[in-house]
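Engineer:
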Amino acid sequence: MSGIYIHIPFCKQACHYCDFHFSTQMKKKDAMVDALVREMEMRKSELGDEVIETIYFGGGTPSVLELQELERLIQAVYDHYKVIENPEITLEANPDDLSKNRIIQLSKSPVNRLSIGIQSFFEEDLTLMNRAHNAQEAENCIEEAVKHFDNITIDLIYGIPGMGHDRWKANIQKALDFGLPHISSYALTVEPKTALEKLIQKGTVPQVDDGQAQEQFHILVDVLEEQGFVNYEISNFGKSGYFSKNNTAYWQGKKYLGIGPSAHSYDGLFRAWNIRNNSIYIKQIQQGILPSEKETLTVTDRYNEYVMTGLRTIWGVSKEKITKEFGSDYANYLEQQSEKFIEQQLLFWEDALLRTTKQGKFLADGIAADLFFLE
Numbered sequence: 462m463s464g465i466y467i468h469i470p471f472c473k474q475a476c477h478y479c480d481f482h483f484s485t486q487m488k489k490k491d492a493m494v495d496a497l498v499r500e501m502e503m504r505k506s507e508l509g510d511e512v513i514e515t516i517y518f519g520g521g522t523p524s525v526l527e528l529q530e531l532e533r534l535i536q537a538v539y540d541h542y543k544v545i546e547n548p549e550i551t552l553e554a555n556p557d558d559l560s561k562n563r564i565i566q567l568s569k570s571p572v573n574r575l576s577i578g579i580q581s582f583f584e585e586d587l588t589l590m591n592r593a594h595n596a597q598e599a600e601n602c603i604e605e606a607v608k609h610f611d612n613i614t615i616d617l618i619y620g621i622p623g624m625g626h627d628r629w630k631a632n633i634q635k636a637l638d639f640g641l642p643h644i645s646s647y648a649l650t651v652e653p654k655t656a657l658e659k660l661i662q663k664g665t666v667p668q669v670d671d672g673q674a675q676e677q678f679h680i681l682v683d684v685l686e687e688q689g690f691v692n693y694e695i696s697n698f699g700k701s702g703y704f705s706k707n708n709t710a711y712w713q714g715k716k717y718l719g720i721g722p723s724a725h726s727y728d729g730l731f732r733a734w735n736i737r738n739n740s741i742y743i744k745q746i747q748q749g750i751l752p753s754e755k756e757t758l759t760v761t762d763r764y765n766e767y768v769m770t771g772l773r774t775i776w777g778v779s780k781e782k783i784t785k786e787f788g789s790d791y792a793n794y795l796e797q798q799s800e801k802f803i804e805q806q807l808l809f810w811e812d813a814l815l816r817t818t819k820q821g822k823f824l825a826d827g828i829a830a831d832l833f834f835l836e
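In short: position in the sequence shown from 1, add 461, done, that's this note's numbering.
#1: Valine 691 bridges to which residues according to DSSP?
#2: Tell me, to the nearest whole angstrom, how far the beta carbon of asparagine 555 is from that of threonine 515; I am working on the premise that it is less than 8 angstroms.
#3: Suppose you measure from the CA of methionine 624 to the CA of valine 669; what does that come to, to the nearest Å?
#4: Specify, as a first and last residue, the run of the alpha helix (DSSP H) that tyrosine 539 falls within.
#5: Would you mind working out which of Gly689, Gly749, Phe610 sits nearest arginine 499, comparing C-alpha positions?
#6: Should leucine 772 be labelled buried (16 or more other beta-carbon atoms within 10 Å of its own) or exposed?
#7: Quick one: any contact between the region 557 to 577 and the region 493 to 510, if contact means 3 or more CB pairs under 8 angstroms?
#8: With 16 as the cutoff for other CB atoms within 10 Å, does tyrosine 717 come out buried or exposed?
#9: Which ranges does the beta strand (DSSP E) cover as unbroken runs of at least 3 residues, wholly within the region 776 to 813, from first to last along the chain?
#10: On the DSSP bridge list, what partners appear for alanine 636?
#11: Identify which residue in Ile577, Ala631, Met590, Glu605 has its Cα closest to the Cα of isoleucine 615.
#12: Here's a check: name, in chain order, each residue in its chain whose Cβ is nearer than 6 angstroms to the Cβ of serine 779, leaving out the five neighbours to either side.
#13: In whole angstroms, what is the alpha-carbon distance linking tyrosine 542 and tryptophan 629?
#14: Is proline 752 buried or exposed, if buried means 16 or more other CB atoms sit within 10 Å of its CB?
#15: Short of 8 angstroms in beta carbon distance, which residues of its chain neighbour leucine 641, apart from the five on each side in sequence? Order them along the chain.
#16: Just confirm the distance between the C-beta atoms of leucine 681 and tyrosine 742, as a whole number of angstroms; I'd bet it's less than 8 angstroms.
#17: DSSP three-state label for serine 740, please.
#18: Go ahead and pull the three-state DSSP assignment for alanine 614.
#19: Where are the alpha helix (DSSP H) runs, 4 residues long or more, that stay fully inside the region 542 to 583, in chain order?
#20: Are phenylalanine 518 and leucine 552 close, meaning C-beta to C-beta below 9 angstroms?
#21: Is the region 521 to 536 close to the region 466 to 486, with three or more CB pairs under 8 angstroms?
#22: How big is the Cα-Cα spacing for glutamate 686 and histidine 482?
#23: Specify the secondary structure class of lysine 659 as computed by DSSP and reduced to three states.
#24: Rounded C-beta distance between asparagine 739 and serine 484? I'm assuming under 8 angstroms.
#25: When you compare each of Asp480, Gly699, Gln713 to methionine 590 by their alpha carbons, which one comes out closest?
#26: Please report the Cβ distance between isoleucine 633 and tyrosine 693, rounded to the nearest whole angstrom; I am assuming they are in contact, meaning their Cβ atoms lie under 8 angstroms.
#27: Does the beta-carbon of asparagine 547 have 16 or more other beta-carbons within 10 angstroms, so that it is buried, or is it exposed?
#28: In angstroms with no decimal places, state the Cα-to-Cα distance between glutamate 754 and asparagine 562.
#29: Compare the Cα-Cα distances from threonine 761 to each of Tyr791, Val512, Leu637, Asn601 and report the closest residue.
#30: Is it true that the CB of aspartate 586 sits closer than 9 angstroms to the CB of isoleucine 550?
#31: Using only CA atoms, which one of Arg504, Gly777, Tyr764, Gln713 lies nearest to glycine 788?
#32: Look up asparagine 735 in the DSSP assignment and say whether it is helix, strand or coil.
#33: Restricting to Cα atoms, I'd like to know which of Ile783, Glu507, Gln662, Met769 is closest to threonine 817.
#34: Measuring CB to CB, does glutamine 580 end up less than 9 angstroms from leucine 617?
#35: Could you tell me how far apart the beta carbons of phenylalanine 678 and phenylalanine 690 are, in whole angstroms, since I believe they sit closer than 8 angstroms?
#36: Can you give me the Cβ contacts of proline 653 inside the same chain, cut-off strictly under 8 angstroms, excluding the 5 residues immediately before and after it?
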């Protein structure tokens, strides 16, 4: 089973913290949709007999596309690949694009899962991040969406300067009041060359406080687990039956095809990525050239990647899998390297699976880097 990720590189405006690839100029939108369809056709043999179980529209802001453009892209997947009977089809959307009419339209389309970029229900946070929607739009769109979609996730951001624990708890409570089955939540990070970095350097916005972020992460885990959510990956919380199939496939090392500028693909042995430039991407696709680079993953690359993704999830890192796929040297190395984290009660072994403790969860990426095998 595999997935297809389609990158829609357009946004109405730039959020201060974002370093994803996008453009606020929409004039190339028609040519981009043509190119995405063409890339799918050019790469139809890459997945062989693999069957597609998820189609994911990410970005950028995929909800800037017209309904017929989305349907055309979904049809192209069906035209060129084998697709299971009822695939999970997710659309990332911003609240300002989700009017009542738009939600009703989407509910009649093949899209069956919405991922709504709320980030916060409070005006001051949205202003600091330069989001295109306001607090009222955030609430209105969910209120409408739950009437027409069963499978909805929202994004929330913690660790925002000036957002105290009370406001963070109120954010979580608002999400719970809507009865949503899934929440994705991320710490605000300061990426190089973003507007947020410049504002912090100027002193206009306070520094991001890692201690605050860590405390707010633990508040989130406690509140959501009490409400029956499973924290199945550091940033993802789902009720039973509502885990994101698309994201779970990434963490479990399944194959996926990334379509569009800056999109990544993975087939277990190779990783490929498309150019981060809309004009060059469109031009090369029009000329029948795939605008991508490819690297072959070494055994060590694959081990490191497995450790990184495994520690982020409830499935952990399997010693048996490491021995079988990478060799006993890697399994022994993992055991030795993990000892100090076990002593610090950040990791633990259970049924030959290495997992993070509650305290270790927030630190999983840093711990994983310490378990990497360095050649």
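The C-beta atom is built at its ideal place from N, Cα and C for all residues, glycine as well.
Source: prediction; values computed, not measured.
Structural biologist: Let me spell this out:
#1: Within the sequence shown, numbered from 1, the residue matching residue 691 stands at position 230. For valine 691, the beta-bridge partners assigned by DSSP are Gly699.
#2: Position 94 of the sequence shown, counting from 1, holds the residue named residue 555. Position 54 of the sequence shown, counting from 1, holds the residue named residue 515. Actually they are not in contact, since the Cβ atoms of asparagine 555 and threonine 515 sit about 21 angstroms apart, beyond 8 angstroms.
#3: As a position in the sequence shown, residue 624 is number 163, starting the count at 1. As a position in the sequence shown, residue 669 is number 208, starting the count at 1. Whole-angstrom Cα-Cα distance: 11 angstroms.
#4: Against the sequence shown, residue 539 aligns to sequence position 78. In the DSSP annotation of this structure, the continuous segment of the alpha helix (DSSP H) that includes tyrosine 539 starts and ends at 528 to 541.
#5: On the sequence shown, residue 499 is found 38 positions in, with the first residue counted as 1. Closest option to arginine 499, Cα to Cα, is Gly749.
#6: Within the sequence shown, the letter at position 311 stands for residue 772. The residue in question, leucine 772, is buried, as its Cβ has 16 or more Cβ neighbours within 10 Å.
#7: A contact is defined here as three or more CB-CB pairs under 8 angstroms, and the region 557 to 577 fails this definition with respect to the region 493 to 510.
#8: As a working note, residue 717 is residue 256 in the sequence shown. So tyrosine 717 ends up on the buried side.
#9: Counting only runs of at least 3 residues, the region 776 to 813 fully encloses the following beta strand (DSSP E) elements, listed from N- to C-terminal order: 808 to 811.
#10: Mapped onto the sequence shown, residue 636 falls at position 175. Per DSSP, none; premise fails for alanine 636.
#11: The residue labelled residue 615 in the question sits at position 154 within the sequence shown. Of Ile577, Ala631, Met590, Glu605, the residue nearest in Cα terms is Ile577.
#12: Locating residue 779 in the sequence shown gives position 318, counting from the first residue. Closer than 6 angstroms at Cβ, skipping near neighbours: Leu814.
#13: As a working mapping, residue 542 is identified with position 81 in the sequence shown. As a working mapping, residue 629 is identified with position 168 in the sequence shown. The alpha-carbon atoms of tyrosine 542 and tryptophan 629 are separated by roughly 43 angstroms.
#14: Along the sequence shown, one-based indexing puts residue 752 at 291. Buried is the call here.
#15: Translated into the one-based positions of the sequence shown, residue 641 becomes position 180. The answer, listed in chain order, is Ile603, Val607, Ile613, Thr614, Ile615.
#16: In the sequence shown, the residue the question calls residue 681 occupies position 220. In the sequence shown, the residue the question calls residue 742 occupies position 281. No, leucine 681 and tyrosine 742 are not in contact; Cβ-Cβ is about 37 angstroms, not under 8 angstroms.
#17: Indexing the sequence shown from 1 puts residue 740 at position 279. Look at serine 740 here: in three-state DSSP terms it is helix.
#18: Translated into positions along the sequence shown, residue 614 becomes position 153. It should be pointed out that residue 614 corresponds to threonine in this sequence rather than to alanine. Reduced to three states, the DSSP call for threonine 614 is strand.
#19: Entirely contained in the region 542 to 583, the alpha helix (DSSP H) runs reaching 4 residues are, in chain order, 561 to 568.
#20: Here residue 518 is taken as the residue at index 57 of the sequence shown, counted from 1. Here residue 552 is taken as the residue at index 91 of the sequence shown, counted from 1. Remark: C-beta atoms of phenylalanine 518 and leucine 552 approach each other more closely than 9 angstroms.
#21: Judged by pairs of C-beta atoms under 8 angstroms, the region 521 to 536 touches the region 466 to 486, as three or more such pairs exist.
#22: In the sequence shown, the residue the question calls residue 686 occupies position 225. In the sequence shown, the residue the question calls residue 482 occupies position 21. In this model, glutamate 686 and histidine 482 are separated by some 34 angstroms (Cα to Cα).
#23: Numbered from its first residue, the sequence shown carries residue 659 at position 198. In the structure shown, lysine 659 sits in a helix (DSSP, three-state: H, G or I).
#24: Here residue 739 is taken as the residue at index 278 of the sequence shown, counted from 1. Here residue 484 is taken as the residue at index 23 of the sequence shown, counted from 1. Confirmed, about 6 angstroms.
#25: What you label residue 590 is simply residue 129 of the sequence shown in a count that begins at 1. The option with the nearest alpha carbon to methionine 590 is Asp480.
#26: Position 172 of the sequence shown holds residue 633. Position 232 of the sequence shown holds residue 693. Between tyrosine 693 and isoleucine 633 the Cβ distance is about 17 angstroms, and since that is not below 8 angstroms, they are no contact.
#27: Looking up residue 547 in the sequence shown gives position 86. With fewer than 16 other Cβ atoms within 10 Å, it is exposed.
#28: The residue given as residue 754 occupies position 293 in the sequence shown. The residue given as residue 562 occupies position 101 in the sequence shown. So the two alpha carbons sit approximately 41 angstroms from each other.
#29: Taking the first residue of the sequence shown as 1, we reach residue 761 at position 300. Of the candidates Tyr791, Val512, Leu637, Asn601, the one whose C-alpha sits nearest the C-alpha of threonine 761 is Tyr791.
#30: Reading the sequence shown from its first residue, position 89 is the one you call residue 550. Reading the sequence shown from its first residue, position 125 is the one you call residue 586. Going by C-beta atoms, isoleucine 550 is not nearer than 9 angstroms to aspartate 586.
#31: Looking up residue 788 in the sequence shown gives position 327. Ranked by Cα distance from glycine 788, the first of Arg504, Gly777, Tyr764, Gln713 is Tyr764.
#32: In the sequence shown, residue 735 corresponds to position 274, counting from 1. Correct three-state label for asparagine 735: strand.
#33: Within the sequence shown, residue 817 is the residue found at index 356, counting from 1. Checked all of Ile783, Glu507, Gln662, Met769; the closest Cα to threonine 817 is Met769.
#34: Indexing the sequence shown from 1 puts residue 580 at position 119. Indexing the sequence shown from 1 puts residue 617 at position 156. The answer is yes: Cβ separation under 9 angstroms.
#35: Here residue 678 refers to the residue found at position 217 when the sequence shown is read from its first residue. Here residue 690 refers to the residue found at position 229 when the sequence shown is read from its first residue. A Cβ-Cβ separation of about 14 angstroms leaves phenylalanine 678 out of contact with phenylalanine 690 under the 8 angstroms criterion.
#36: The residue labelled residue 653 in the question sits at position 192 within the sequence shown. Taken in chain order, the residues that qualify are Asp480.
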